[in-house]
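Read the structure below first, then the notes.
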Amino acid sequence: MTEAALAANEVALRAGAAPISNEVSGGEIVGLAGLDGHGQERFLKILAGLETAASGAVSFGESPVHGFYDAVSKGIAYLGRDRRATGIFSSLSILDNFAISTVWHDVRSGLISRRARRQRYESFKERLSVVAPDPRLSITTLSGGNQQKILLARLMAMEPQVYLLNDPTRGVDVATRHVLYGVFRELAAAGTSIVILSTEIEEILLLCDRVLVFREDTVAAEIAGAEMTNERVISVMFGEPQ
Amino acid sequence: MRASDSSLATLWQRTSFGGVLLLVLLIANIFLNPPRFVFTNWGTLIGLAAPLIGAAIASTPAILAGRGGLDLSVGPLMGFVNAIVIKVLFLDNGIASPFVIVPVALITGLVVGCINGFLAAVLRIQPIVATLGTFLVLTGVTLTILPAPLGPAPDWLKSLAGPLSIVPLAAIFLIWAAVKRLPIFGQLMAVGSDDRAAFTAGVPVTQVRFFAYAFGGMLSGIAGLMLTSLIGSADPNIGPTFTLTAIAAVALGGVSLAGGRGSITGATTGALVIFLLQSVLTTFNVSTHLLQLANGAILVTAVVLTALQDRLQRGGAR
Numbered sequence: 001m002t003e004a005a006l007a008a009n010e011v012a013l014r015a016g017a018a019p020i021s022n023e024v025s026g027g028e029i030v031g032l033a034g035l036d037g038h039g040q041e042r043f044l045k046i047l048a049g050l051e052t053a054a055s056g057a058v059s060f061g062e063s064p065v066h067g068f069y070d071a072v073s074k075g076i077a078y079l080g081r082d083r084r085a086t087g088i089f090s091s092l093s094i095l096d097n098f099a100i101s102t103v104w105h106d107v108r109s110g111l112i113s114r115r116a117r118r119q120r121y122e123s124f125k126e127r128l129s130v131v132a133p134d135p136r137l138s139i140t141t142l143s144g145g146n147q148q149k150i151l152l153a154r155l156m157a158m159e160p161q162v163y164l165l166n167d168p169t170r171g172v173d174v175a176t177r178h179v180l181y182g183v184f185r186e187l188a189a190a191g192t193s194i195v196i197l198s199t200e201i202e203e204i205l206l207l208c209d210r211v212l213v214f215r216e217d218t219v220a221a222e223i224a225g226a227e228m229t230n231e232r233v234i235s236v237m238f239g240e241p242q
Numbered sequence: 243m244r245a246s247d248s249s250l251a252t253l254w255q256r257t258s259f260g261g262v263l264l265l266v267l268l269i270a271n272i273f274l275n276p277p278r279f280v281f282t283n284w285g286t287l288i289g290l291a292a293p294l295i296g297a298a299i300a301s302t303p304a305i306l307a308g309r310g311g312l313d314l315s316v317g318p319l320m321g322f323v324n325a326i327v328i329k330v331l332f333l334d335n336g337i338a339s340p341f342v343i344v345p346v347a348l349i350t351g352l353v354v355g356c357i358n359g360f361l362a363a364v365l366r367i368q369p370i371v372a373t374l375g376t377f378l379v380l381t382g383v384t385l386t387i388l389p390a391p392l393g394p395a396p397d398w399l400k401s402l403a404g405p406l407s408i409v410p411l412a413a414i415f416l417i418w419a420a421v422k423r424l425p426i427f428g429q430l431m432a433v434g435s436d437d438r439a440a441f442t443a444g445v446p447v448t449q450v451r452f453f454a455y456a457f458g459g460m461l462s463g464i465a466g467l468m469l470t471s472l473i474g475s476a477d478p479n480i481g482p483t484f485t486l487t488a489i490a491a492v493a494l495g496g497v498s499l500a501g502g503r504g505s506i507t508g509a510t511t512g513a514l515v516i517f518l519l520q521s522v523l524t525t526f527n528v529s530t531h532l533l534q535l536a537n538g539a540i541l542v543t544a545v546v547l548t549a550l551q552d553r554l555q556r557g558g559a560r
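Here it is, written out as structure tokens:
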């Protein structure tokens with residue numbers, strides 16, 4: 001299996017900010033850290049094609065990525081931060097919330113098969129240990145953690161090659177967190193790349209192979225291996241001289 | 243037990259207060275006007291209600307698409323189809339075959355629907371303004387083609403009034419049932435529910451909205467044929483009156499004007515409620531001014547109650 005790499009080429013988050021060049025290859029988990037508003041979220045959204053860089057470009061494998069739909073079609077999936085505002089559809093059922101990004105997968109002889117959808121859902125339900133009694137109920141009947149699992153299942157159903165996760169464990173209980181960590185590791189072990197923005201340093205230390213620490217709209221430091229410690233990351237976040 | 247609970251809840255959600263009103267009004271009608279509402283006469287009654295049901299269903303897709311989605315042109319489009327079918331096809335060119343008339347009606351509706359979709363979804367003009375534009379243009383064009391009422395209609399079309407109006411109604415329900423099982427329908431409900439979330443889920447929002455207007459246009463074509471059957475002639479002035487009544491019916495039927503929630507059952511219920519309400523008031527020989535007033539009052543009450551029900555449900559869910 002050859003894994004294409006998602007690359008940022010001289011991406012400047014704003015005019016005048018030092019450009020960022022980096023690459024995420026298959027099987028890797030890369031963390032994005034920084035104090036809120038120091039550019040890490042914007043960087044993630046630029047990678048996803050949701051925002052455009054002041055200069056520079058994003059490419060996947062050999063080809064450039066133009067905008068969000070192009071990114072999706074190339075197998076780059078983005079999980080948003082605000083679950084309630086831009087994630088779930090509160091008036092739709094759990095099942096439809098799960099399937100919305102992959103409606104075509106349930107088509108049997110031209111029409112949607114509820115059974116096929118149900119089967120697909122059940123396999124993800126098992127894998128993510130979703131606690132939901134009846135998938136026909138509204139998604140708002142689920143706890144925050146289970147809603148997040150459904151959103152992740154929605155993404156996984158697209159079988160993307162790159163996951164861009166914007167603070168995926170925000171407002172999620174501890175048990176669910178560990179389920180999610182397990183799934184992220186499995187995905188990486190299977191060769192997909194994961195970029196994960198997190199507001200919790202412990203989470204990044206636990207999951208990631210390396211971390212990009214943002215300060216003033218650029219990467220202040222890239223830390224990997226034994227140097228990845230709480231103190232080190234925090235000192236870069238606060239801009240202390242190294 | 244859980245399943246029956248939730249299916250009852252679904253039925254309630256789908257029809258909301260419209261369902262209760264429908265029942266009450268039906269009983270009132272049967273009680274007040276027995277000869278008109280004997281069971282054997284129900285075919286005729288359905289025939290009378292059919293164009294409004296068609297118009298209400300045709301109004302639904304655009305509203306489901308959300309973000310102010312609305313199709314004001316449904317009524318004039320029905321009138322336009324009526325004029326094309328009777329004046330242009332039947333009277334001017336002697337074409338009476340259903341195999342020409344039905345496709346022409348459907349395609350006319352579809353083309354106008356596509357124009358609405360282009361204006362509202364692609365150019366992103368406010369739907370109410372965009373479709374007000376097509377409303378006025380179609381009204382004008384219809385009056386140009388057909389300055390005054392004219393008849394008659396082909397026999398087969400006239401025979402679809404009364405009990406046989408079930409046929410076009412059934413066609414609409416079947417088409418809807420099929421479309422409901424297309425991938426795009428799920429996307430339509432998602433876009434109506436929350437278009438930003440739909441965008442981040444990779445749903446092609448613009449195409450889906452365009453589809454909603456095109457589909458509504460096509461359904462308006464069928465509704466136009468139903469109108470033609472009922473009046474058995476061409477009349478340039480009747481069509482436009484359907485627009486607002488249809489939207490009132492849809493709102494009564496619990497289709498959320500914010501988008502993303504509602505069903506064909508709801509739209510039909512709403513249309514029947516308005517029809518039955520008019521029927522009750524007519525038995526009392528109430529003047530048409532009061533009829534309008536009653537329509538409006540019921541509509542406002544129903545929409546307020548639906549909003550309250552929404553709030554209660556949402557409060558319960560969190």
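Taken in sequence, the protein lines are chains A and B. Just so we're aligned, residue 1 is where the first sequence starts under my numbering, counting upward by one. Just so we're aligned, residue 243 is where the second sequence starts under my numbering, counting upward by one. In this text, a Cβ means the ideal position worked out from N, Cα and C, and glycines have one as well.
Legend entry - DSSP state of LEU461 (chain B) mapped onto helix, strand, coil: The DSSP-derived three-state label of LEU461 (chain B) is helix.
Legend entry - C-beta contact flag for ILE100 (chain A) and ALA500 (chain B) at 9 Å: A distance of 9 Å or more separates the beta carbons of ILE100 (chain A) and ALA500 (chain B).
Legend entry - Counterpart residues of VAL195 (chain A) in DSSP-defined beta bridges: Bridge partners of VAL195 (chain A): A:VAL30 and A:LEU164.
Inset, instruction - Could you tell me whether the segment 148 to 165 of chain A touches the segment 188 to 198 of chain A, where touching means 3 or more Cβ pairs closer than 8 Å? - result: In short, these stretches touch, since the Cβ pair count reaches three.
Inset, instruction - Report yes or no: do three or more beta-carbon pairs, one from the segment 311 to 328 of chain B and one from the segment 529 to 548 of chain B, lie closer than 8 Å? - result: Not touching, per the Cβ criterion.
Inset, instruction - Please determine if the segment 439 to 456 of chain B and the segment 359 to 369 of chain B are in contact, where contact requires at least 3 C-beta pairs separated by less than 8 Å. - result: Yes, the segment 439 to 456 of chain B is in contact with the segment 359 to 369 of chain B.
Legend entry - Where PHE214 (chain A) falls: helix, strand or coil (DSSP): The answer is strand: DSSP assigns PHE214 (chain A) an E or B state.
Inset, instruction - Taking ILE20 (chain A) as part of the alpha helix (DSSP H), name the residues at either end of that continuous run. - result: No alpha helix (DSSP H) contains ILE20 (chain A), which is instead part of the beta strand (DSSP E) from 20 to 24.
Legend entry - At least 3 beta-carbon pairs within less than 8 Å: the segment 73 to 92 of chain A vs the segment 173 to 181 of chain A: Two segments are said to touch when three or more pairs of C-beta atoms, one from each, lie closer than 8 Å; by this definition the segment 73 to 92 of chain A does not touch the segment 173 to 181 of chain A.
Inset, instruction - Could you work out which residue in B:ASP552, B:ALA297, B:ASN271 and B:ILE328 is closest to THR483 (chain B) when comparing CA atoms only? - result: Ranking B:ASP552, B:ALA297, B:ASN271 and B:ILE328 by Cα distance to THR483 (chain B) puts B:ALA297 first.
Inset, instruction - Starting from TYR78 (chain A), follow its DSSP beta bridges and name the residues at the other end. - result: Answer is A:LEU164.
Inset, instruction - Return the residue from the list B:VAL497, B:VAL327, B:THR302 and B:ALA490 that minimises the CA-CA distance to LEU519 (chain B). - result: Taking only the C-alpha atoms, the option nearest LEU519 (chain B) is B:ALA490.
Legend entry - Start and end residues, beta strand (DSSP E) containing GLY56 (chain A): Annotation for GLY56 (chain A): the continuous beta strand (DSSP E) segment containing it runs 55 to 60.
Legend entry - 9 Å Cβ cutoff met for LEU142 (chain A) and ILE94 (chain A): The answer is yes: Cβ separation under 9 Å.
Legend entry - CB contact below 9 Å: THR80 (chain A) versus chain B: Reading the sequence as shown, one finds Gly at residue 80 (chain A) and not Thr. Interface residue (Cβ-Cβ distance to chain B less than 9 Å): GLY80 (chain A) is classified as such.
Inset, instruction - Measuring only between beta-carbons, confirm whether GLY110 (chain A) sits less than 9 Å from chain B. - result: Taking Cβ atoms only, chain B reaches closer than 9 Å to GLY110 (chain A), which makes this a yes.
Inset, instruction - Measure the Cβ-Cβ separation of ALA33 (chain A) and VAL233 (chain A) and say whether it is below 9 Å. - result: Yes.
Legend entry - Nearest-angstrom Cβ-Cβ length linking VAL515 (chain B) and LEU494 (chain B), presumed shorter than 8 Å: At roughly 5 Å, the Cβ-Cβ gap stays under 8 Å, so VAL515 (chain B) and LEU494 (chain B) are in contact.
Inset, instruction - Under 8 Å Cβ to Cβ from GLU23 (chain A), same chain only, skipping five residues before and after it: list those, please. - result: Hits under 8 Å: ALA5, LEU6, ALA7 and ALA8.
Legend entry - Per DSSP, cross-strand counterpart(s) of LEU6 (chain A): Partner(s): A:VAL24 and A:PHE60.
Inset, instruction - Return the bridge partner residues of ALA12 (chain A) from the DSSP annotation. - result: A:SER55, per the DSSP bridge assignment.
Inset, instruction - Determine which residues share a DSSP beta bridge with VAL219 (chain A) and list them. - result: Its beta-bridge partners are A:PHE214.
Inset, instruction - Would you mind reading off the limits of the alpha helix (DSSP H) that contains CYS356 (chain B)? - result: Per DSSP, CYS356 (chain B) belongs to the alpha helix (DSSP H) from 340 to 359.
Legend entry - LEU374 (chain B) - DSSP class collapsed to helix/strand/coil: Here LEU374 (chain B) sits in helix by DSSP.
Legend entry - CB-CB length for GLY49 (chain A) against ALA71 (chain A), believed under 8 Å: 4 Å between Cβ atoms; contact.
Inset, instruction - Note down, in chain order, each residue of its chain lying with its Cβ closer than 7 Å to the Cβ of SER475 (chain B), except the 5 sequence neighbours on either side. - result: Within the same chain, SER475 (chain B) has close Cβ partners ILE328, PRO391, LEU392, GLY393, PRO394 and ALA395.
Inset, instruction - Taking 9 Å as the cut-off, decide whether the C-beta atoms of VAL103 (chain A) and GLY502 (chain B) are in contact. - result: Not in contact: VAL103 (chain A) and GLY502 (chain B) (Cβ atoms no closer than 9 Å).
Inset, instruction - Consider the C-beta atom of GLY466 (chain B) and the heavy atoms of the ligand GDP; say whether any pair is separated by less than 8 Å. - result: Because no ligand of any kind appears in the structure shown, any question about the ligand GDP cannot be addressed here.
Legend entry - Own chain partners of PRO168 (chain A) with C-beta closer than 6 Å, once the 5 adjacent residues on each side are dropped: Within the same chain, and ignoring the five residues on either side of PRO168 (chain A) in sequence, the residues whose Cβ sits closer than 6 Å to its Cβ are LEU79.
Legend entry - Under 8 Å by beta carbon: chain A residues contacting GLN429 (chain B): Within 8 Å Cβ-Cβ: ILE100 and VAL103.
Inset, instruction - Along the alpha helix (DSSP H) that carries LYS45 (chain A), what are the first and last residues, could you check? - result: For LYS45 (chain A), the enclosing alpha helix (DSSP H) covers residues 40 to 48.
Legend entry - CB contact below 9 Å: PHE281 (chain B) versus chain A: So, not an interface residue.
Inset, instruction - Using a Cβ-Cβ cut-off of 9 Å, state whether ILE224 (chain B) counts as contacting chain A. - result: Shown here, chain B extends from 243 to 560; a query on residue 224 (chain B) therefore has no answer.
Inset, instruction - Report buried or exposed for MET460 (chain B), applying the criterion of at least 16 other Cβ atoms within 10 angstroms of its Cβ. - result: Burial state of MET460 (chain B) is buried, judged by a 10 Å Cβ sphere holding 16 or more other Cβ atoms.
Inset, instruction - Starting from ARG108 (chain A), follow its DSSP beta bridges and name the residues at the other end. - result: Per DSSP, A:LEU111.
Legend entry - Spatial distance of ILE370 (chain B) from VAL219 (chain A) (CA atoms): Going from the Cα of ILE370 (chain B) to the Cα of VAL219 (chain A) covers about 47 Å.
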